[in-house]
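> What follows is a single structure, and I will ask about it in a moment.
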Amino acid sequence: MNRRIRRLVQAWIAGCAILVVAATYYQAISADKLSSSQANPRLANLERDVIRGPILDRNGGVICDSVGPGLSTRVWRGPDSLASLVGYVNPVLGKSGLEAAYDVWLSGRRGPYDVTGLLATLAGQPDHGCAVRLTIDANVQKACESALRGRRGAAIVINAGTGELLAVASSPWYSMKGLELSWDNIVSRNDSPLVCRPINGMYPPGSTIKMAIAAIALDSGVTDPNEVYECEGSIRAGGSVVHDPTGAHGAIDIVDALAVSCNTTFVDLGLRLGPKLYEELRRFFFDRSVPLDIPTPPANLDVRNADVSGDAIGQLAIGQGNLLVTPMHVAMMAAAVANRGIMMRPYVVADISAVDGVPVMVASERALASVMTPSSADIVARGMRQAVKRGTARSAARWGYDIAGKTGTAQNPHGNPHAWFAGFGVNGNNRVAAAIILENAGSGGTAAAPLGGDIIRVALDSMDRARR
Amino acid sequence: MMEDGSLPASAQGTARPIRETERSLLGIVMLMSLTAGFSLSLARNGTLTGEEAALCFVSSAPFAMTHLVFVAKGFDGDELILPLAGAATVMGYPVVYRLRPDLAVRQLAFIWLGSAVMAVLAILQNQKKLEGWGVPALGGSIALLVLTLMVGEERGGARSWLFLGDMGFQTSELAKITCILAGAEGLSKMHTADSMATARASAREIWECSQARRVIVMWAAVMLLTVAQRDVGTAMVIYISCVAMAYVATGNRLLVLVSIGIGAAAVAVAGRVFPHVGVRFSTWLNPWADAAGSGYQVTQSIYALASGGILGRGYGCGSPWLIPAAVTDMLFSASAEEIGLAGSIGLIAIYFLMVGHGYACAQRADSRYSALVAVGAANMIAVQTFVIIGGNLGVLPLTGVTLPLASYGGSSMLTSLAIVGILLGSTRRLHSIDGGALS
Chain A
2 MNRRIRRLVQ AWIAGCAILV VAATYYQAIS ADKLSSSQAN PRLANLERDV IRGPILDRNG
62 GVICDSVGPG LSTRVWRGPD SLASLVGYVN PVLGKSGLEA AYDVWLSGRR GPYDVTGLLA
122 TLAGQPDHGC AVRLTIDANV QKACESALRG RRGAAIVINA GTGELLAVAS SPWYSMKGLE
182 LSWDNIVSRN DSPLVCRPIN GMYPPGSTIK MAIAAIALDS GVTDPNEVYE CEGSIRAGGS
242 VVHDPTGAHG AIDIVDALAV SCNTTFVDLG LRLGPKLYEE LRRFFFDRSV PLDIPTPPAN
302 LDVRNADVSG DAIGQLAIGQ GNLLVTPMHV AMMAAAVANR GIMMRPYVVA DISAVDGVPV
362 MVASERALAS VMTPSSADIV ARGMRQAVKR GTARSAARWG YDIAGKTGTA QNPHGNPHAW
422 FAGFGVNGNN RVAAAIILEN AGSGGTAAAP LGGDIIRVAL DSMDRARR
Chain B
167 MMEDGSLPAS AQGTARPIRE TERSLLGIVM LMSLTAGFSL SLARNGTLTG EEAALCFVSS
227 APFAMTHLVF VAKGFDGDEL ILPLAGAATV MGYPVVYRLR PDLAVRQLAF IWLGSAVMAV
287 LAILQNQKKL EGWGVPALGG SIALLVLTLM VGEERGGARS WLFLGDMGFQ TSELAKITCI
347 LAGAEGLSKM HTADSMATAR ASAREIWECS QARRVIVMWA AVMLLTVAQR DVGTAMVIYI
407 SCVAMAYVAT GNRLLVLVSI GIGAAAVAVA GRVFPHVGVR FSTWLNPWAD AAGSGYQVTQ
467 SIYALASGGI LGRGYGCGSP WLIPAAVTDM LFSASAEEIG LAGSIGLIAI YFLMVGHGYA
527 CAQRADSRYS ALVAVGAANM IAVQTFVIIG GNLGVLPLTG VTLPLASYGG SSMLTSLAIV
587 GILLGSTRRL HSIDGGALS
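Chain order of the listed sequences is A and B.
Position one of the first sequence corresponds to residue 2 (the numbering used here), numbered consecutively onward.
Position one of the second sequence corresponds to residue 167 (the numbering used here), numbered consecutively onward.
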């Protein structure tokens with residue numbers, strides 16, 4: 002009989018093991034996924050009872066905050082051009098942008114209340130979500146906003162030495178006031194105000210890609226700073242001919258070629274690099290997305306099925322053809338030149354802190370990649386300074402400021418070319434990079450460069466003030 | 167008089183046991199109840215000294231009282247089972263309190279009353295005074311079941327409540343105890359001559375033993391009446407426990423296989439005949455298919471489990487009331503949200519040890535009858551615990567049975583403690599046995 006009782010003991014051990022496994026599955030393995038499911042009524046209850054945390058700019062200025070518990074009390078304080086980055090919170094429409102990406106913190110689900118057991122009993126229920134402080138500088142953002150007002154386009158400013166995003170402006174923007182009523186109108190508009198263009202818009206890079214081409218050509222040894230090119234105003238690439246719209250530049254070196262944005266020279270460099278160009282451009286994240294703290298789309302350089310014909314490489318070398326990138330990709334390229342070849346990981350959330358100001362998460366700066374050698378970066382920077390001094394980007398020059406830049410005029414199937422300006426400004430140890438694009442606005446040199454100069458000046462001033 | 171009683175007795179090794187192990191373990195149980203009470207009081211009114219602390223502490227007190235009675239009466243039963251039962255009770259009580267403060271005092275009364283029943287049954291069983299009463303008691307239970315079917319009232323889809331004034335009682339709960347006692351009586355009469363350690367009885371031998379036959383017929387009657395009350399969960403618990411007990415008594419494997427077949431067929435038929443059983447099955451297979459309707463209880467249970475995480479939300483910080491019927495059927499999930507995986511595994515471990523130790527005690531019981539009572543009682547707790555925790559965790563279809571000793575409910579609490587009582591009474595203290603009678 003005892004042997005038979007032992008059988009029951011074995012069955013009981015098996016039964017309890019099943020229970021423990023099932024409990025572990027629900028309470029540990031899939032717990033996070035299940036408990037953050039929108040169908041979990043606890044989330045709605047928490048949202049109803051908690052005062053959602055504010056989103057602040059880098060100086061503590063309020064971008065949006067909640068004046069009471071619940072989702073309907075969100076108040077937008079601006080700048081308005083941040084709307085598509087920060088996103089909306091609405092009981093009916095849901096959440097978007099950073100409001101959605103940082104919801105666990107803003108809603109108080111995570112943070113100082115994220116304690117368990119007896120500690121939770123002592124701390125009690127949360128009543129405030131955490132504050133999310135961005136790296137955005139409201140002054141720089143406002144400068145971008147006034148540059149873009151009334152136009153379609155994007156401007157993005159990066160602290161080249163740290164990777165902090167100082168401004169992420171998208172135009173047109175939508176008004177947070179009465180969002181629910183105007184929703185149908187916003188969604189049906191042709192100029193897509195909901196898209197955050199600086200990080201989600203996809204554009205051909207145009208001549209701004211020449212910063213990367215020059216660095217790649219120097220680093221891979223197909224040219225050197227002393228080589229002199231003879232620009233005849235056009236060059237054959239595969240079966241087609243690429244022209245310089247302003248005619249022949251004559252005898253120029255690489256610095257001059259950047260300054261005047263000489264297509265002939267860069268197509269020549271591209272053809273010298275050949276299929277290798279695709280592989281080298283991967284370093285600039287042109288085949289994937291830039292890792293940001295919120296999801297961004299990948300640029301579409303297709304290395305695996307690369308078109309290695311002369312035609313395609315010629316077009317790629319001047320930023321035309323099939324390649325599409327985000328303004329952030331372009332700004333990062335300029336930032337890498339400014340930072341002597343080191344590309345810093347971009348980030349937009351500086352820190353997250355509890356209602357009593359105690360930080361619960363602090364972002365740290367990190368190098369993403371070394372995309373060019375310091376000496377090549379210096380040569381490219383020299384070319385960009387010359388572009389502002391006497392080349393295509395002259396209208397970005399500001400007296401008393403060290404500004405370098407590269408313009409672009411990107412042909413596209415949607416009408417007039419997009420006007421690009423990508424550049425950086427240096428003041429002591431401060432280095433800010435910016436990219437601005439105006440959709441279908443024509444020449445980068447006339448439309449975008451003046452605005453780029455203004456934005457970089459404001460950014461340098463603002464950083465200078467902050468340091469003092 | 168001290169000298170004439172205790173001195174010669176201690177010389178013979180049969181000194182009145184002071185039950186030190188039980189006392190120390192109950193100390194821990196009382197500490198558990200006190201911490202739970204302090205936490206609950208802190209969460210609910212911000213101070214340590216609310217009435218929660220007092221009531222939770224008082225929920226552990228009857229176990230200490232039982233211990234004192236056992237010592238006073240020279241009770242010689244096992245020392246681990248009482249603290250384990252106490253632990254399960256004091257783990258459940260704060261959850262009941264937290265979910266339904268209005269029921270807290272009632273539940274406390276049931277714990278006290280149940281403990282008294284437990285102590286009395288344990289002592290009577292220990293003195294072999296219950297043997298012989300099992301079959302008549304089972305007969306009485308069957309009569310009550312018939313009465314319930316005629317004049318009972320329906321609660322939660324099952325017509326299993328008998329009301330006396332406004333005091334309701336689930337008669338099928340009483341049948342659980344009497345099935346164990348009568349089963350042990352009937353089945354222990356077989357093979358009285360030969361060694362019972364290894365012998366197996368054929369189906370004919372079982373049927374030819376009149377006492378065994380009578381018990382099997384009575385069990386079948388209980389099963390049919392319980393199913394007729396549409397209390398399928400309880401019927402299932404009794405059925406599996408009794409089959410397992412019969413297996414231990416007879417060693418007849420055919421009996422087990424046939425019983426499994428009958429059980430499966432019965433479940434299939436029940437799924438057709440009772441619509442709510444069929445719905446429970448389809449909900450079990452995919453609770454998310456109708457998460458807002460029939461799957462609501464199970465999916466809310468899963469959300470509660472997940473929200474608890476590893477260490478739990480803390481007493482008073484979760485939202486376990488979002489689960490329907492949390493205080494009776496879903497007590498495990500409700501407690502899991504606030505005490506976390508650590509607490510749930512702890513709770514499972516308490517039942518694991520209580521039942522496992524019950525089986526171990528059965529193996530060294532002093533008679534075949536005691537062994538079978540212990541096995542039956544352990545079976546009943548084991549099956550009911552597995553069925554309801556499994557239901558809460560989505561391992562089994564959800565049935566409306568309670569978590570023994572922890573869930574809210576008068577009949578359930580009294581029955582669970584009574585079963586612990588007969589289990590205790592059928593065991594022997596570890597130190598009082600040399601090697602065990604049956605090995």
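Ideal Cβ placement from N, Cα and C applies to all residues, glycine included.
Since the structure is predicted, the reported quantities are computational estimates derived from the model, not experimental observations.
Quick one, which residues of the stretch 551-572 of chain B are near chain A if we go by CB-CB under 8 Å, in chain order?
Flagged, chain order: PHE552, ILE555, GLY556, LEU559, GLY560, VAL561.
> Since I believe A:ALA364 is in contact with A:ASP379 (beta carbons under 8 Å), could you give me their beta-carbon distance rounded to a whole number of angstroms?
Not quite, the Cβ-Cβ distance comes to about 29 Å (not below 8 Å), so this is no contact.
> Using a C-beta to C-beta distance shorter than 8 Å, which residues of chain C count as neighbours of B:SER510?
Although the question refers to chain C, the structure presented lacks it and instead comprises the protein chains A and B.
> Examine the Cβ distances between the stretch 392-409 of chain A and the stretch 269-286 of chain A and report whether three or more of them are shorter than 8 Å.
No, they do not touch.
> Of all Cβ atoms in chain B, is any one closer than 9 Å to the Cβ of A:GLY130?
So no, A:GLY130 is outside the interface.
> Count the other CB atoms, across all protein chains shown, that sit within 10 Å of the CB of B:PHE518; report buried if there are 16 or more and exposed otherwise.
The residue in question, B:PHE518, is buried, as its Cβ has 16 or more Cβ neighbours within 10 Å.
> So for B:SER368, helix, strand or coil by DSSP?
Coil at B:SER368, not helix or strand.
> Should the stretch 581-594 of chain B be regarded as contacting the stretch 533-544 of chain B, the criterion being three or more beta carbon pairs within less than 8 Å?
They touch, by the three-pair rule.
> Along the chain, where does the alpha helix (DSSP H) containing A:PHE422 start, and where does it finish?
Looking at the DSSP string, A:PHE422 is not in any alpha helix (DSSP H); the run it does join, the beta strand (DSSP E), is 416-428.
> Look up A:TRP470 in the DSSP assignment and say whether it is helix, strand or coil.
Residue 470 of chain A cannot be examined here, being either before or after the span of chain A that is shown, 2 to 469.
> Thinking C-alpha only, which one of B:LEU559, B:TYR574, B:GLY575 is nearest A:ILE19?
Out of B:LEU559, B:TYR574, B:GLY575, B:LEU559 has the C-alpha closest to the C-alpha of A:ILE19.
> Under a three-way DSSP split, which group does B:TRP327 fall into?
DSSP places B:TRP327 in strand when its eight states are reduced to three.
> Kindly indicate if chain B contains any beta-carbon less than 9 Å away from that of A:ASP352.
With 9 Å as the cut-off, A:ASP352 does not count as an interface residue toward chain B.
> Please return the same chain residues whose Cβ sits closer than 8 Å to the Cβ of B:ASN418, not counting the five positions on each side in sequence.
Around B:ASN418: ARG366, ALA367, SER368, ALA369, ILE372, ALA412.
> Below 6 Å CB to CB, which residues in the same chain sit around B:ASP495 once its five sequence neighbours on both sides are set aside?
These residues qualify, in order along the chain: GLY566.
> Does the Cβ of A:PRO347 have 16 or more other Cβ atoms within 10 Å, making it buried, or fewer, making it exposed?
Buried, by the Cβ-count rule.
> Bridge partners for A:ARG237 per DSSP, in chain order?
A:VAL242, per the DSSP bridge assignment.
> For B:PRO302, is the classification buried or exposed, using 16 other Cβ atoms within 10 angstroms of its Cβ as the cut-off for buried?
The residue in question, B:PRO302, is exposed, as its Cβ has fewer than 16 Cβ neighbours within 10 Å.
> Contact between the stretch 71-88 of chain A and the stretch 193-208 of chain A: three or more CB pairs below 8 Å?
In short, these stretches touch, since the Cβ pair count reaches three.
> Any contact between the stretch 247-255 of chain A and the stretch 223-237 of chain A? By contact I mean 3 or more CB pairs, one from each, below 8 Å.
Cβ pair count under 8 Å is three or more, so yes.
> Nearest chain A C-beta to B:SER592 closer than 9 Å, yes or no?
False, the Cβ-Cβ gap to chain A never drops below 9 Å.
> Measure the C-alpha to C-alpha separation of A:LEU57 and A:GLY202 and round it to an integer number of angstroms.
The alpha-carbon atoms of A:LEU57 and A:GLY202 are separated by roughly 24 Å.
> Report yes if the CB atom of A:GLY207 is closer than 9 Å to the CB atom of A:HIS415, and no otherwise.
No.
> Give me whichever residues DSSP pairs with A:GLY154 in a beta bridge.
Bridge partners of A:GLY154: A:SER172, A:LEU439.
> At least one CB of chain A closer than 9 Å to the CB of B:PHE518: is that the case?
Chain A contact via Cβ: present.
> Please confirm if B:GLN377 has its CB atom under 9 Å from at least one CB of chain A.
No, because no Cβ of chain A sits closer than 9 Å to the Cβ of B:GLN377.
> Taking the alpha carbon of A:PRO375 as the reference point, which residue from A:VAL141, A:ALA339, A:MET345, A:ALA355 has its own alpha carbon closest?
A:PRO375 has its Cα closest to that of A:ALA339, out of A:VAL141, A:ALA339, A:MET345, A:ALA355.
> Using 10 angstroms around the beta-carbon of B:MET402, count the other beta-carbons present and answer buried if the total reaches 16, otherwise exposed.
Per the 10 Å Cβ criterion, buried.
> If I measure Cβ to Cβ from B:GLY482 and keep anything under 8 Å in the same chain, skipping five residues before and after, which residues do I get?
Counting only Cβ-Cβ distances below 8 Å, and skipping sequence neighbours, we find SER205, LEU206, LEU208, ALA209, ARG210, ARG264, GLU504.
> If we count the other Cβ atoms within 10 Å of its Cβ and call it buried at 16 or more, is A:LEU99 buried or exposed?
Answer is buried; the Cβ neighbour count reaches 16.
> Note down the Cα distance separating A:SER310 from A:THR266, rounded to an integer number of angstroms.
Going by the C-alpha atoms only, they are around 18 Å apart.
> Thinking just about the alpha-carbon of each residue, which of B:ALA502, B:ILE511, B:PHE552, B:GLN466 is nearest to the one in A:GLN39?
When each option's Cα is compared against that of A:GLN39, the closest is B:GLN466.
> Below 9 Å on C-beta distance, what does B:TYR413 contact in chain A?
By Cβ distance, chain A contributes ARG5, ARG8, LEU9.
> Which one of B:VAL445, B:LEU562, B:GLY252, B:THR400 has the shortest CA to CA distance from B:LEU191?
Residue B:GLY252 is the option with its Cα nearest to B:LEU191.
> Quick test of your reading: B:TYR469 and A:ASN41, contact by CB under 8 Å. State the CB separation rounded to the nearest angstrom.
With 8 Å as the limit, B:TYR469 and A:ASN41 qualify as a contact, their Cβ atoms being about 5 Å apart.
> When burial is assigned at 16 or more other CB atoms within 10 Å of the CB, is B:ASN292 buried or exposed?
Buried is the call here.
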